[in-house]
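Chains as they are written, first to last, in numbering that gives the first Met the number 0: chain X, 0 to 218; chain H, 0 to 218.
Following: one structure in structure tokens, then a few remarks.
Number of protein chains: 2
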Amino acid sequence: MQSRWRSPVSQSVRPGATPPGAKPPGTARPGGRTAQNRAAVVGATLSELAEHGYERTTVESVAIRAGVHKTTVYRRWRTKERLVTEALEATAEVQIGVPDTGDLALDLQTLARGVRSVLMSTVGSAAVRALVSGAQSSPEVARVLRTFWAGRLTKVIPVVERAVADGRLPQGTDAIELMKYLAAPLFHRILVTGEPVTEADADRAATVVLVAGRAGVFV
Amino acid sequence: MQSRWRSPVSQSVRPGATPPGAKPPGTARPGGRTAQNRAAVVGATLSELAEHGYERTTVESVAIRAGVHKTTVYRRWRTKERLVTEALEATAEVQIGVPDTGDLALDLQTLARGVRSVLMSTVGSAAVRALVSGAQSSPEVARVLRTFWAGRLTKVIPVVERAVADGRLPQGTDAIELMKYLAAPLFHRILVTGEPVTEADADRAATVVLVAGRAGVFV
């Protein structure tokens, strides 16, 4: 079963994402004009990436597709790099929640299935492929990809930290490294071997890091 | 320390690689004209891939670089696809031996370090990047990459099969899946996070699959 990109239109605007010059937070209520514009621009960015790749995606083409004035896009995001980073983060935010079930195995499985959802969605897959492909020749694209990764990895640190605090993982476990091992086999399938990522694949990736993590391999 | 591409000039020609129309095997002795041509063409293919990427590498440009007539290249390899596949396999053959030390942990470490050598060598890294990048938009490149992988994975099956026979890994362990897990975190570093692959990274990848393999995760 293939997951689909879900519009982030119902998400509230994150305070950290409010740019200088935007209306004060009180007026940017969920579902308001600002949130609607953001959703439209994020969706348009992902569609442009999916159809045309990173190089041929421009702030102008995104604005036209989103049906907003290009100065609106420039004012808020300033560069294509920031636009693409935020769009990718929005995909991941919607599809990869940060779980806290109290069960480490289940938390890791949920994370792995979230990564799978991004990689198997039409738009997420295309965006990741476009970026990984572009990153091999463009330092700018490589930076977007690294920024995206750094952002995602930071958010999942609490899952590992809670497990360490509870004694479910050894002291000193490197959360970032563990997360990379969770994601790498799933990326490898779509990027290198050209295989789909099934739920069973996601679950295996979660089990591998659970077993290795408990054995202290990520300390 | 960065590994370097070593010329396969001293390698004998594998029987399976002898095309129809080539001289009979008895005349293709190691170090002879055929082996020299093969080494030159393989080296030229890797250099072309590294400098120009898959799309702009042609049988003609490889022949010029190798200093052989293009009909020689066409007669033996017929298509760019076969040429690139064999060139990549030659890199991996030289740099990833199939170890048999009697110690599973050491065998896996040797394999992981071999993958690292390919990924960190100037030419191997460029070739892998060019292919992974190209595979995202070209079905032909994707096929080259899959063929290369299938070939490599088949060769390391014995390492896992011996371990299963000896009871060092559980019955039914999937050798192919285990090898993918060994390689994936190393590919992820160079392709996605843009980090170098150190020996410590290779050793960690080996330990992760050893621990997970023993726990029966690849059954």
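C-beta: ideal position from N, C-alpha, C; glycine also.
For clarity, every value in this text was computed on a predicted model and none was experimentally measured.
Contacts with chain H at 8 Å (Cβ-Cβ) include R128 of chain X. Listed in chain order, the non-local C-beta contacts of P184 of chain X below 6 Å within the same chain comprise A204, local neighbours out to five positions each way being set aside. Interface annotation, Q108 of chain H: not in contact with chain X, CB-CB separation never under 8 Å.
Excluding the 5 residues flanking it on each side, G150 of chain X has same chain C-beta neighbours closer than 6 Å at E88, in chain order. Between V196 of chain X and V216 of chain H, the C-beta spacing is not below 8 Å.
Approximately 7 Å separates the beta-carbon atoms of L107 of chain X and L181 of chain X; this is inside 8 Å, confirming the contact.
When C-beta distances to chain X are compared with 8 Å, the residues of the region 143-168 of chain H below that value are L144, R145 and W148, in chain order. With the rule of 3 Cβ pairs closer than 8 Å, the region 151-168 of chain X counts as touching the region 96-115 of chain X. Assignment of F217 of chain H by DSSP, reduced to helix, strand and coil, places it in the coil class. Cβ-Cβ separation between P98 of chain X and T109 of chain X: approximately 4 Å, consistent with a contact (criterion under 8 Å). Shown here for A141 of chain H: same chain residues with a beta carbon closer than 6 Å to its own, the five before and five after excluded, namely A134 in chain order. Interface annotation, L190 of chain H: in contact with chain X, CB-CB separation under 8 Å. Residue range T121 to A134 is occupied by the alpha helix (DSSP H) that includes S124 of chain H. Of the other Cβ atoms in all chains shown, fewer than 16 fall within 10 Å of the Cβ of V218 of chain X; this residue is therefore exposed.
Per DSSP, G150 of chain H is one residue of the alpha helix (DSSP H) stretching across P138 to A164. With a beta-carbon spacing of about 5 Å, G212 of chain X and L168 of chain X fall inside the 8 Å limit used to define contacts. Unbroken alpha helix (DSSP H) runs of no fewer than 4 residues, entirely contained in the region 62-115 of chain H, are found at 69-76 and 79-94, following chain order. The Cβ of H187 of chain H sits closer than 8 Å to at least one Cβ of chain X. Under the 8 Å criterion on CB atoms, A49 of chain H is classed as non-interfacial with respect to chain X.
Distance from the CA of R81 of chain X to the CA of H51 of chain H, rounded to the nearest whole angstrom, comes to 29 Å. According to the DSSP assignment, E54 of chain X belongs to no alpha helix (DSSP H), since it is labelled neither H nor E. Between the alpha carbons of G96 of chain X and A214 of chain H lies a gap of roughly 28 Å.
Taking C-alpha positions only, V155 of chain H is separated from R74 of chain X by approximately 54 Å.
The beta carbons of W148 of chain X and V143 of chain H sit no closer together than 8 Å.
Annotation: the continuous alpha helix (DSSP H) that includes L181 of chain X extends over A174 to H187. Spatial neighbours of E47 of chain X in its own chain (CB-CB distance under 7 Å, excluding positions within 5 residues in sequence) are listed in chain order as T56, S60, V61 and R64. Its Cα nearest to that of E54 of chain X, the residue X:A126 stands out among X:D200, X:A126, X:T71 and X:Q170. Taking a 10 Å sphere around the C-beta of S136 of chain X, we find fewer than 16 other C-beta atoms and assign the residue as exposed. For A214 of chain H, the residues of chain X that pass the 7 Å Cβ criterion are V210, in the order they occur in the chain.
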